[in-house]
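Novice: Quick note, the sequence shown lines up with residues -19 to -1, 1 to 125 if you use mature numbering (1 follows the signal peptide of the UniProt record, and there is no 0).
Okay, handing you the structure first.
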Amino acid sequence: MHLLKSLAMSVVLATSTLAQSIVVDAPSAGANIPLASNLTVQTERHNSLSSSKELEVSVAIGYTVCDVDGGCGPSAQLLYNGPYTPTLHMPTHPDQPSFYQNFTFPSPFSAPGPVQLTVVHFFDVGASEDIPLVEALRVDFNIV
Ligand SMILES: *[C@@H]1O[C@H](CO)[C@@H](O)[C@H](O)[C@H]1NC(C)=O
Ligand SMILES: *[C@@H]1O[C@H](CO)[C@@H](O)[C@H](O)[C@H]1NC(C)=O
């Protein structure tokens, strides 16, 4: 019984590693974003063999304001919590992503400084039965 449980667990873990996750292309790590400009969060879904079995569910996007000396949070501000529906876009040059969704927000920041963005991705991977998975991505950038 215990063996079965741990076996099932390792299958879930293996699947989650194999299942192509999303990538946050914008803002890029270390980017300097002007305080007054809109914040665009570009979330790319990697095309992969497994992606055809991946059912998109939702994303939550939030941020925490950090101290210059590195500490972030503790309280995160939620910017978006809803469906994730990436679509195909024609890239204008080769290193641009093609399968993504942009989320654009009016600047939520009141002062320059380091910010940590968190994108939480909820999705299902299933062959015969759906396996709900969640992953979290973090990007550190600066408001200038
Ligand atoms: C921010 O986005 C809004 C709505 O899309 C647009 O009207 C506005 O010009 C943008 N502001 C900046 C500074 O880009
Ligand atoms: C999505 O956002 C990225 C980064 O800001 C930008 O390069 C791209 O043109 C945007 N795509 C669309 C369709 O607006």
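All C-beta atoms in this analysis are idealised placements derived from N, C-alpha and C, irrespective of residue type, glycine included.
#1: Indicate the three-state DSSP secondary structure (helix, strand or coil) for Tyr44 in the structure shown.
#2: From which residue to which residue does the beta strand (DSSP E) around Phe90 run?
#3: Identify whether Leu98 lies in helix, strand or coil by the three-state DSSP scheme.
#4: Within 10 angstroms of its Cβ, does His102 collect 16 or more other Cβ (buried), or is it exposed?
#5: If Asn83 sits next to Thr21, beta carbons under 8 Å apart, how far is it from one beta carbon to the other, in whole angstroms?
#6: Consider the C-beta atom of Ala7 and the heavy atoms of ligand 1; say whether any pair is separated by less than 7 Å.
#7: Can you tell me whether DSSP reads Tyr65 as helix, strand or coil?
#8: Residue range of the beta strand (DSSP E) that Val120 falls in?
#9: With a threshold of 7 Å (Cβ to nearest heavy atom), would His70 be considered close to ligand 2?
#10: According to the Cβ coordinates, are Arg26 and Pro75 closer than 8 Å?
#11: Thinking C-alpha only, which one of Asp48, Ile3, Ala10 is nearest Pro93?
#12: Which two residues bound the contiguous beta strand (DSSP E) that contains Val22?
Specialist: On the basis of the coordinates in this document:
#1: Of the three classes helix, strand and coil, the one that applies to Tyr44 here is strand, per DSSP.
#2: Element bounds for Phe90: n/a, residue is neither H nor E.
#3: It is a strand residue.
#4: With 16 or more other Cβ atoms within 10 Å, it is buried.
#5: At roughly 6 Å, the Cβ-Cβ gap stays under 8 Å, so Asn83 and Thr21 are in contact.
#6: Flag unset: Cβ of Ala7 not near ligand 1.
#7: Looking at Tyr65 - three-state DSSP - the assignment turns out to be coil, as it is neither helix nor strand.
#8: Bounds of the beta strand (DSSP E) holding Val120 are 111 to 124.
#9: True, at least one ligand heavy atom lies under 7 Å from that Cβ.
#10: No, the Cβ-Cβ distance between Arg26 and Pro75 is not below 8 Å.
#11: If we check each option's Cα against that of Pro93, Asp48 comes out closest.
#12: Run containing Val22: 20 to 26, per the beta strand (DSSP E) assignment.
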